Amino acid sequence: MMSFFIFLTTYLLMECVTWLTHKYVMHGFLWYLHEDHHQPKYAHIFECNDLFFVIFAIPSILLFYFGADAGFDYRFFIGLGIFAYGLSYFIVHDIIIHQRLKLFKNTKNKYLIALRKGHKVHHKHLGKEEGECFGMLFVPFKYFKI
552 MMSFFIFLTT
562 YLLMECVTWL
572 THKYVMHGFL
582 WYLHEDHHQP
592 KYAHIFECND
602 LFFVIFAIPS
612 ILLFYFGADA
622 GFDYRFFIGL
632 GIFAYGLSYF
642 IVHDIIIHQR
652 LKLFKNTKNK
662 YLIALRKGHK
672 VHHKHLGKEE
682 GECFGMLFVP
692 FKYFKI
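In this text, residue positions in the sequence shown follow the numbering used here: the first is 552, and each later residue adds one.
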């Protein structure tokens with residue numbers, strides 16, 4: 552039971568980590584890695600922004616390794632929470648929102664529509680300043696209005 556609590560808490564806290572990282576790191580000193588993601592058309596199948604997946608994967612992999620080596624202690628379940636959030640991020644951000652794989656194109660799901668609206672508002676700013684909607688899974692209520 553404690554393992555599940557650690558996993559779930561980590562997963563939920565990753566939304567806060569994502570918001571803070573997106574606002575202050577991606578739109579801050581690492582803007583040069585994130586900038587291509589805010590361009591209207593992608594020049595290549597991969598973006599410099601995709602390096603953030605690797606950056607977030609490293610602690611997850613290390614926590615998996617050291618947690619498994621110690622008999623599947625709390626570190627393993629923290630790593631699992633980070634991994635699960637990363638997988639959710641990939642599915643929601645890259646597949647559902649940006650359609651890097653053409654799935655869920657004509658959804659009628661109110662949450663997914665609001666999520667897309669919020670992300671579209673985030674992307675209307677091509678520069679690193681004046682952004683909004685920096686999270687991924689939490690959608691402000693104003694985007695649910697039709």
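We treat Cβ as the ideally placed atom computed from N, Cα and C, and that holds for glycine.
All values derive from a computational prediction rather than experimental measurement.
Presumed contact (8 angstroms Cβ cut-off) between residue i and residue j, rounded CB distance
i: H674; j: H589; result: 6 angstroms
i: F627; j: F641; result: That belief does not hold up - the Cβ atoms of F627 and F641 are roughly 21 angstroms apart, past 8 angstroms.
i: T569; j: G678; result: 20 angstroms between Cβ atoms; not a contact.
i: Q650; j: K656; result: 7 angstroms
Span separating the alpha-carbon of residue i from that of residue j
i: L559; j: A621; result: 21 angstroms
i: L688; j: Y636; result: 10 angstroms
i: V643; j: S611; result: 19 angstroms
i: F556; j: Y562; result: 10 angstroms
i: I609; j: D624; result: 18 angstroms
i: Y662; j: S639; result: 15 angstroms
i: E598; j: F692; result: 30 angstroms
Contact set for residue i: own chain, Cβ-Cβ below 6 angstroms, skip 5 residues either direction
i: L602; result: L584
i: I646; result: L652 and L654
i: C684; result: G669, V672 and H673
i: M577; result: H585
DSSP state of residue i mapped onto helix, strand, coil
i: N657; result: coil
i: C599; result: helix
i: K671; result: helix
i: H578; result: helix
i: D587; result: helix
i: C684; result: coil
i: M553; result: helix
i: R626; result: helix
Buried versus exposed call for residue i [16 or more other C-beta atoms within 10 Å across all chains shown]
i: E681; result: exposed
i: H595; result: exposed
i: F634; result: buried
i: G632; result: buried
i: Y694; result: buried
i: G579; result: exposed
i: I606; result: exposed
Other residues of its chain near residue i: CB distance less than 8 angstroms, five sequence neighbours each side excluded
i: E566; result: Y636, G686, M687, L688 and F689
i: G618; result: D624, Y625, R626, F627, F628, I629 and G630
i: A665; result: V690, Y694 and F695
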